[in-house]
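Trainee: According to the working numbering, the sequence shown is numbered sequentially starting from 135.
We put the CB at the ideal spot given by N, CA and C, even for glycine.
As the structure is a computational prediction, the values presented were derived from the model and not from experiment.
Here it is, the structure in full.
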Amino acid sequence: MVATLTRINVADRSPVKMPLRLNADDYDVGLIALDAEDILWMAWGKTLTRFDPDAGVAKQWTLPPYSGLARVYSNDGRIDAMTISSDGEIWVAAGMLSAVFGFNPRSGTWDRPINLPFVSVEGPTSLAAPAPGIITINGIALHGGAIDPQDSPRFAVIKTDTRTVKIPSLPVDKYVATGSGQIVYFDRAGSLVRYDLIRATSMMIGPAPLQWGRIAIMAVDLEGNVWLGATIHGFAGVSKLDPLTGAITQFQFPVVLRGYKPAPSPNPCSFHCYPVTCKPIIDLNCIPVVQSVGPDIQGMAPDAHGNLWMVTSSSSLGNSGDRFAFGPVVELATS
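So this is what it looks like as structure tokens:
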């Protein structure tokens, strides 16, 4: 498996493949973050990479050894969460490790390891920097060297200067930092809750059952809105959440038809496989039925122009053998 990087010009939508190739020796999760100087930091396996997209130069550092590794899965110890704090420190967490690691980009050293009373788990775990001097992380406790998927999730608030770890009683299954020391999170029941880290106060903003099935991906735009990927059963697209009022606006994905023909009425959006290869057709007005294949959003990021970009797991439009009803990259122009 090899990780590559493609840069997209938002102005004209032109892709440019960057001179970066990262080899993997097992299943890895790729993570990307930009610092204040527009330097790209990428986590891949057990390696942190600094990449200057203008100069095309990369430098790499391997995670430091850690004795607390509980070997349960083949990808143990591989980076699965990353964030950059206000002081420029790069913070990472690795699967089944009860710690977070701080990397100082000025000295090029891992200078701030912080132990945790739980472990990071690829998928649910997120690292965030919701306020200066504070980072947060969620995970699952270990019991006898293994995790219990039915156990209550754990959440930690870490002061980076003193390395103190506080564990509030919050059932954080998936969360995102919204700024000003606040987070919005899903609990195990699928409800959305806003939590103020400074005041230690909670407010329910979306009662259960808002979420159905797998944990939703979450992102925050420049206005503080929380974007949720495919959170309603039978709805394929994204939802915009106002964290102050709880108001939700839904934006449906366009349906990309290739190798399909509409089924007979009354529902023209149920598709049958056409036994010939046909050119892709994008139907902006079609509403998928509940049984439609979901987009399985892999990444989501708002840009500075008010647009939302998403990457899905579907194959490219040029793959005639693909039978997903959604394209690989979707842009939502919200203005």
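(1) Specify whether the stretch 231–243 and the stretch 306–316 touch according to this definition: at least 3 beta carbon pairs, one from each stretch, less than 8 angstroms apart.
(2) In the DSSP output, which residue or residues are listed as bridge partners for residue 374?
(3) From 302, 286 and 284, pick the residue whose C-alpha is nearest to that of residue 292; which is it?
(4) Within the same chain, show all residues whose beta-carbon is closer than 6 angstroms to that of residue 213, passing over the 5 residues directly before and after it, in chain order.
(5) Tell whether a beta-carbon distance below 9 angstroms holds between residue 247 and residue 236.
(6) Among the candidates 187, 439 and 181, whose CA atom is the shortest distance from the CA of residue 198?
(7) According to DSSP, is residue 144 part of a helix, a strand, or is it coil?
(8) Going by beta-carbon coordinates alone, are residue 442 and residue 355 separated by less than 9 angstroms?
(9) Starting from the N-terminal side, write out each stretch of the alpha helix (DSSP H) that is 4 residues or longer and does not extend beyond the stretch 315–339.
(10) Would you list the one or two residues that DSSP bridges to residue 286?
(11) Tell me the rounded alpha-carbon separation between residue 166 and residue 353.
(12) Among 316, 322, 434 and 351, which residue has its Cα nearest to the Cα of residue 337?
(13) Using only CA atoms, which one of 333, 328 and 371 lies nearest to residue 379?
(14) Please list the terminal residues of the continuous beta strand (DSSP E) segment that includes residue 271.
(15) Work out the CA separation of residue 193 and residue 287 for me, nearest whole Å.
(16) DSSP three-state label for residue 435, please.
(17) Hey, how far is the Cα of residue 427 from the Cα of residue 255?
(18) Along the chain, where does the beta strand (DSSP E) that runs through residue 189 open and close?
(19) Would you mind working out which of 188, 444, 269 and 440 sits nearest residue 431, comparing C-alpha positions?
(20) With a threshold of 16 other CB atoms inside 10 Å of the CB of residue 149, please say whether the residue is buried or exposed.
(21) Based on Cα-Cα distance, which residue from 211, 290, 169 and 191 lies nearest to residue 238?
(22) Nearest CA to the CA of residue 325: which residue from 375, 384 and 153?
(23) Kindly give me the distance between the Cβ atoms of residue 358 and residue 377, rounded to whole angstroms, as I take these residues to be in contact under 8 angstroms.
(24) Do residue 218 and residue 263 have their CB atoms nearer than 9 angstroms?
(25) Quick check: residue 274 and residue 253, are their CB atoms within less than 9 angstroms of each other?
(26) Considering residue 478, what are the terminal residues of the beta strand (DSSP E) in which it resides?
(27) Tell me where the beta strand (DSSP E) around residue 216 begins and ends.
Mentor: In terms of the structure at hand:
(1) no
(2) 361 and 383
(3) 302
(4) 177, 226 and 228
(5) yes
(6) 181
(7) coil
(8) yes
(9) none
(10) Residue 286 is not bridged to any residue.
(11) 14 angstroms
(12) 316
(13) 328
(14) 268–274
(15) 35 angstroms
(16) strand
(17) Only weak support exists for where residue 427 lies, its pLDDT of 47 falling under 50; the value from the coordinates is given anyway. When rounded, the distance between both Cα atoms is 26 angstroms.
(18) Run containing residue 189: none; DSSP gives neither H nor E here.
(19) 444
(20) exposed
(21) 169
(22) 375
(23) 7 angstroms
(24) yes
(25) yes
(26) Absent from the structure is residue 478, since the part of the chain shown begins at 135 and ends at 469.
(27) 213–218
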